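*Asks:* Using UniProt numbering, you'd call the opening residue of the sequence shown number 1 and step up by one each time.
Even glycine gets a Cβ: it sits at the ideal position worked out from N, Cα and C.
Predicted model only: the values in this text are computed from it and were never measured.
Have a look at this one before I ask anything.
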Amino acid sequence: MSGLLLVLALGAIAVMAFGHRIGLQPGLAILVAAAGVSFIPGLPRWELEPELILGVVVPPLLYAAALEFSFFSFMRNLRSIIGLGVGLVVATAFLAGHAAAWVLPGLGVSVALVLGAIVGPPDTVTIASHGRELGLTRRVNALLTGESLVNDAAALTMFSVFVAGVAGTETFIDGPVQLFLYSVVVGVLIGMVLGFAATFVRPRLHEPTLETAIGLVLPFAAFFVAEHVHASGVLAVVMAGFSVSMNSVYSDGGFEGHRQEDLDDERYRKRLERRHRIARRLDYRTRLTEGAIWPVVNTLLEAFVFAYTGLQLRFVIEELVDSDEPLGRTLLAGTVILLVVIGIRVAYIMFLFRPSPRREARRARSRELRRKRRVERLMRAGQLRRAEQADQVESRPNRPLGWSEAFLLSWAGMRGIVTLGAAGGIPFALDDGTPFPHRSTIQFLAYFVVIGTLVVQGPTLPLFARWLRIDTTEEDAIAGSELAAARALADEKAPGGYDAQRDAVTMAVVNRVFDDEAARLVLADVDQQEAAAVSRARSTKPAE
């Protein structure tokens with residue numbers, strides 16, 4: 001088994017590299033190559049336990065995305081992200097499920113809803129990672145990344161509820177709605193608790209290897225602990241990632257940003273010092289190590305999932321041919337579901353981001369109120385220059401998406417890792433031991449939708465981006481000015497040491513002097529500078 005896993009991983013990476021070199025989508029290239037291999041005569045079927053697929057593949061992918069995503073950007077676009085990640089996924093799941101039940105009446109609505117939950121979430125985080133290459137704006141990228149964190153959680157939570165309904169699993173909460181709410185709330189709480197616990201423990205180990213090891217184990221711990229109490233493991237992973245990200249990078253601003261008269265108060269200063277001791281930062285070596293490890297882990301997992309799915313294709317088709325459903329009607333159902341999945345996203349997003357002067361005026365008033373409060377707080381602290389910078393940042397309107405950006409957002413709906421993982425995660429049997437109904441049909445339709453969206457939307461998305469020619473000059477200028485301000489602040493605090501630089505940048509983000517995306521780049525530079533300085537000091541140290 002271990003040898004087969006190694007061969008599968010190496011082969012998938014080789015195909016991914018070849019596909020990237022010739023301009024093919026790596027996931028699609030791996031899927032097609034593995035599907036071809038599955039038709040080799042005499043090749044045995046190799047299947048993993050369904051729980052293993054979801055429990056091993058999904059947690060690290062979502063955790064890494066949550067670590068890298070801007071929490072402030074998430075909160076700034078929260079309404080839109082919830083609309084995309086929850087509203088759109090729920091609508092897609094129910095419409096796709098009922099469409100499948102309409103074309104294939106033998107499925108039944110309950111089984112068809114399992115399929116709907118599987119094809120509901122798009123793989124937007126992968127698209128967002130290549131957003132700048134595709135010509136997408138920063139706000140579209142932020143929406144895609146935020147959507148990926150929420151929609152995977154919503155879809156997989158629905159998937160668990162629908163599978164439990166089909167399998168006849170007895171739950172301690174009656175009613176799917178109550179079970180869904182319990183799953184969401186408890187999953188969020190578990191993720192926050194484990195995330196804060198990891199944040200508290202890791203900096204006190206003073207050993208980068210152990211700190212990194214805990215970071216690697218955390219997403220799996222959050223997932224399985226939540227699943228053990230019938231909560232959403234996916235939401236637990238996302239919240240753990242957000243907790244670690246916020247508390248590891250922006251955990252402590254020292255005495256920066258506090259009024260001098262407050263600092264002169266002994267009790268106030270002791271409270272800050274106590275918080276300073278509690279909210280310790282990770283060692284810079286840990287952050288640099290994790291920054292290098294997670295992209296590698298993600299690449300390996302994505303390659304594995306596409307390869308594993310391709311190897312199942314022949315056997316799924318054979319089971320489908322032997323089933324009662326005609327193959328032609330199943331292909332028709334796949335086409336209908338594909339059209340529903342693509343069409344509902346386009347219609348929903350174009351409606352969600354339609355021009356609305358009244359809505360924009362209401363949001364502008366809310367932004368103005370927040371701006372005044374932040375500027376007044378900085379003025380009271382005597383930080384006139386920071387107050388002026390924060391005033392400029394808060395005065396920038398969070399402009400609505402134009403129709404061209406909204407269309408690109410709607411077209412970036414390719415299905416991928418989570419859909420494939422959920423399809424492989426369907427139980428083999430019900431609680432009474434009978435085979436899960438129409439398992440091969442559901443898997444085939446899920447694979448059909450994944451391949452269809454990759455073939456239809458994958459190649460055309462960059463073409464549409466080039467054709468629409470969205471002007472990002474103003475957006476790039478704002479991002480450049482914020483990055484310059486963050487670097488200037490770090491340079492200003494350089495004589496005080498690396499921690500002084502981090503403290504200043506952290507408090508500037510808290511006070512909204514610039515965005516945390518710029519701060520992340522500068523903090524990463526500070527980590528690299530400290531690593532280089534330590535390396536030089538060691539190399540010049542005389543031998544004893």
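Using a threshold of 8 Å, state whether the C-beta atoms of V150 and V341 are closer than that.
*Replies:* One-based indexing of the sequence shown puts residue 150 at position 150. One-based indexing of the sequence shown puts residue 341 at position 341. In this structure, V341 does not lie closer than 8 Å to V150 by Cβ.
*Asks:* Measuring CA to CA, which of I214, V238, A96 and G108 is closest to G146?
*Replies:* Your numbering for residue 146 matches position 146 in the sequence shown. For the residues I214, V238, A96 and G108, the minimum Cα distance to G146 belongs to V238.
*Asks:* Quick check on the DSSP output: the alpha helix (DSSP H) that includes V513 runs from which residue to which?
*Replies:* As a working note, residue 513 is residue 513 in the sequence shown. Premise fails: V513 is in no alpha helix (DSSP H) and is neither H nor E.
*Asks:* Just to confirm my understanding: we take G195, look at its own chain, exclude 5 residues before and 5 after, and list those with CB closer than 6 Å. What are they?
*Replies:* Residue mapping note: residue 195 aligns to position 195 of the sequence shown, counting from 1. Taken in chain order, the residues that qualify are A240, S243 and V244.
*Asks:* Tell me which residues share the same chain as T286 and place their Cβ nearer than 6 Å to its Cβ, disregarding the 5 neighbours each side in the sequence.
*Replies:* As a position in the sequence shown, residue 286 is number 286, starting the count at 1. Counting only Cβ-Cβ distances below 6 Å, and skipping sequence neighbours, we find P208, E211 and T212.
*Asks:* Using CA coordinates, which residue listed in V185, I317, S38 and L288 is at the minimum distance from Q529?
*Replies:* Translated into positions along the sequence shown, residue 529 becomes position 529. Answer by Cα proximity: L288.
*Asks:* Work out the CA separation of A333 and A154 for me, nearest whole Å.
*Replies:* Your numbering for residue 154 matches position 154 in the sequence shown. Your numbering for residue 333 matches position 333 in the sequence shown. Rounded to the nearest angstrom, the two C-alpha atoms are 24 Å apart.
*Asks:* For the ligand ATP, is there any heavy atom lying closer than 7 Å to the beta carbon of L149?
*Replies:* With respect to the ligand ATP, the structure shown offers nothing to examine, as it has no ligands at all.
*Asks:* Taking only runs that begin and end inside the region 395-444, name each unbroken alpha helix (DSSP H) of 4 or more residues, in chain order.
*Replies:* DSSP runs (the alpha helix (DSSP H)) wholly in the region 395-444: 403-411 and 417-424.
*Asks:* If you follow the alpha helix (DSSP H) that V336 is part of, which residue opens it and which one closes it?
*Replies:* Reading the sequence shown from its first residue, position 336 is the one you call residue 336. First-last of the alpha helix (DSSP H) with V336: L327 to L352.
*Asks:* Below 8 Å CB to CB, which residues in the same chain sit around L235 once its five sequence neighbours on both sides are set aside?
*Replies:* Locating residue 235 in the sequence shown gives position 235, where the first residue counts as 1. Cβ neighbours of L235 beyond the five flanking positions: A153, T157, S183, V184, G187, V188, G191 and A226.
*Asks:* Would you please state the rounded distance, in angstroms, between the beta carbons of I442 and V163? I believe it to be under 8 Å.
*Replies:* Your numbering for residue 442 matches position 442 in the sequence shown. Your numbering for residue 163 matches position 163 in the sequence shown. Contact flag wrong, Cβ pair sits at about 10 Å.
*Asks:* Please give me, in chain order, every unbroken run of the alpha helix (DSSP H) with length at least 4 that falls completely inside the region 31-98.
*Replies:* If we require 4 residues or more, the alpha helix (DSSP H) runs fully inside the region 31-98 come out as 50-68, 71-76 and 78-82.
*Asks:* Could you check how far apart the C-beta atoms of T419 and P121 are, in whole angstroms? I think they sit under 8 Å.
*Replies:* By 1-based counting over the sequence shown, the position of residue 419 is 419. By 1-based counting over the sequence shown, the position of residue 121 is 121. T419 to P121, Cβ: 7 Å. Contact.
*Asks:* Does the pairing of the region 454-461 with the region 427-436 give three or more beta-carbon distances under 8 Å?
*Replies:* With the cut-off at 8 Å, the region 454-461 and the region 427-436 do not touch.
*Asks:* Using the beta-carbon count (16 or more within 10 Å), is V526 buried or exposed?
*Replies:* In the sequence shown, the residue the question calls residue 526 occupies position 526. It counts as buried.
*Asks:* Would you mind working out which of L179, Y284, L88 and T309 sits nearest R502, comparing C-alpha positions?
*Replies:* Numbered from 1 along the sequence shown, position 502 holds the residue referred to as residue 502. Out of L179, Y284, L88 and T309, Y284 has the C-alpha closest to the C-alpha of R502.
*Asks:* Can you have a look at I40 and say buried or exposed, based on whether 16 or more other CB atoms are within 10 angstroms of its CB?
*Replies:* As a first step, residue 40 is located in the sequence shown; it is residue number 40 there, counting from the start. By the 10 Å Cβ count, I40 comes out exposed.
*Asks:* Taking contact to mean 3 or more Cβ pairs, one atom from each stretch, closer than 8 Å, check whether the region 407-418 and the region 341-353 are in contact.
*Replies:* Segments in contact, yes.
*Asks:* Apart from the five residues just before and just after F220, which ones in its own chain have a Cβ nearer than 6 Å to its Cβ?
*Replies:* Walking along the sequence shown from the start, residue 220 turns up at place 220. P59, listed in sequence order.
*Asks:* Quick one: grab the DSSP three-state call for V229.
*Replies:* One-based indexing of the sequence shown puts residue 229 at position 229. In this structure, V229 counts as coil in the three-state DSSP scheme.
*Asks:* Is the beta carbon of I417 closer than 8 Å to that of V305?
*Replies:* Here residue 305 refers to the residue found at position 305 of the sequence shown. Here residue 417 refers to the residue found at position 417 of the sequence shown. Taking 8 Å as the Cβ cut-off, V305 and I417 qualify as a contacting pair.
*Asks:* By how many angstroms is the C-alpha of L521 removed from the C-alpha of R277?
*Replies:* Position 277 of the sequence shown holds residue 277. Position 521 of the sequence shown holds residue 521. For R277, the predicted model reports a pLDDT of 49, less than 50, meaning its position is unreliable and no value from the coordinates is stated.
*Asks:* Would you kindly work out how many angstroms separate the C-alpha atoms of R538 and V450, rounded to a whole number?
*Replies:* Translated into the one-based positions of the sequence shown, residue 538 becomes position 538. Translated into the one-based positions of the sequence shown, residue 450 becomes position 450. In a straight line, the C-alpha of R538 is about 52 Å away from that of V450.
*Asks:* Go ahead and label H228 buried or exposed: buried means 16 or more other beta carbons lie within 10 angstroms of its beta carbon, across all protein chains shown.
*Replies:* Indexing the sequence shown from 1 puts residue 228 at position 228. Exposed is the call here.
*Asks:* Helix, strand or coil for E207 per DSSP?
*Replies:* Here residue 207 corresponds to residue number 207 of the sequence shown, with the count starting at 1. Reduced to three states, the DSSP call for E207 is coil.
*Asks:* Work out the CA separation of G116 and L483 for me, nearest whole Å.
*Replies:* What you label residue 483 is simply residue 483 of the sequence shown in a count that begins at 1. What you label residue 116 is simply residue 116 of the sequence shown in a count that begins at 1. Straight-line Cα distance between these residues: approximately 42 Å.
*Asks:* Just to confirm before moving on: does the CB-CB distance between L523 and A100 stay below 8 Å?
*Replies:* If you number the sequence shown from 1, residue 523 lands on position 523. If you number the sequence shown from 1, residue 100 lands on position 100. Taking 8 Å as the Cβ cut-off, L523 and A100 do not qualify as a contacting pair.
*Asks:* Answer with buried or exposed for G253, where buried requires no fewer than 16 other C-beta atoms within 10 angstroms of its C-beta.
*Replies:* To locate residue 253, count along the sequence shown from 1; it is residue 253. With a pLDDT of only 49 at G253, under the threshold of 50, the placement of this residue in the model should not be trusted, and no figure is reported.
*Asks:* Who are the Cβ neighbours of R329 in its own chain at under 8 Å, not counting the five residues just before and after it?
*Replies:* As a position in the sequence shown, residue 329 is number 329, starting the count at 1. These residues qualify, in order along the chain: V103 and L104.
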